[in-house]
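Using my numbering, the first residue of the sequence shown is number 715, and each one after it goes up by one.
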Amino acid sequence: MPTKTLEDLFTDGVKDIYYAERKIIAALKKMIRGAQSEDLKAAFDKHLQETEGQVERLVQVFELLGKPARGKTCPAIDGIIEEGQEVLEEFKGSPAIDAGLLAAAQAVEHYEIARYGTLKSWAVQLGKTDVAELLEQTLLEETNTDATLTKLAETKVNLKGQSKAA
């Protein structure tokens, strides 16, 4: 069996995040429908538009690598999205739904930040500066989305999710 290289690991990682981003698009659509807060819906919608652009950017990455744009099943993102689905089902109509959805969205963002940071570093190491620049654009978007969600959680959503019980 041939020895696997950083190049192989990098390609697998790009396939992984491509799969993840496509799954995230479907999940965001459900989260937009399930959210109660208009601010949270707007944040999810903005990130949905960004995520669609990120998928297009990943297609460019595959083109630069000379590979077909093909995903590889990512159990990590499947699990994170499944947790978000559970929040949608178990907290539907409750004051805490938005806090739960926001937390699920941040779990996705943190996964993406970790993945894109690693892929960008590997691209630099492999001398793929054009690919690294594309990955950096997405990493910046993911970091900004996480900051936006944190601010929304701390100033609005988590406050509304507190129980009104006497």
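From the three backbone atoms N, C-alpha and C, an ideal C-beta is built for every residue, glycine too. The model shown is predicted, which means the values in this text are computed figures rather than measured ones.
Residue environment, residue i, which counts as buried when at least 16 other CB atoms sit within 10 Å
i      : result
Val845 : buried
Thr719 : exposed
Ser835 : exposed
His824 : exposed
Val773 : exposed
Lys743 : exposed
Thr859 : buried
Glu826 : buried
Ala879 : Only weak support exists for where Ala879 lies, its pLDDT of 44 falling under 50; the value from the coordinates is given anyway. It counts as exposed.
Gly748 : buried
Selected residue, minimal CA-CA separation from residue i, among the options
i      : options                        : result
Pro809 : Glu826, Val871, Gly831         : Val871
Asp730 : Glu803, Glu777, Val769         : Val769
Lys737 : Glu804, Lys755, Thr765         : Thr765
Leu863 : Ile791, Phe758, Glu850, Ile811 : Phe758
Ile746 : Ala861, Leu779, Leu854, Asp812 : Asp812
Pro789 : Ala861, Gly831, Glu850, Ala734 : Ala734
Arg771 : Gly814, Tyr830, Val801, Gln820 : Tyr830
Ala818 : Val801, Gly785, Leu833         : Val801
Val822 : Phe805, Gln799, Gln839         : Gln799
Ala837 : Lys786, Lys806, Leu778         : Leu778
Gln851 : Pro782, Asp753, Gly767, Pro716 : Gly767
Glu699 : Gly785, Lys781, Leu815         : Residue 699 lies beyond the stretch modelled for the chain, which goes from 715 to 880, so this question has no answer here.
Lys842 : Pro716, Met715, Glu721         : Glu721
Ala828 : Glu847, Leu854, Glu803         : Leu854
Ala861 : Thr832, Leu723, Gln820         : Gln820
Limits of the alpha helix (DSSP H) - the one that residue i falls within
i      : result
Glu766 : 752 to 779
Thr725 : 720 to 748
Worksheet item: What residue ranges within the stretch 786 to 869 form continuous beta strand (DSSP E) runs of no fewer than 3 residues, ordered along the chain?
Response: none
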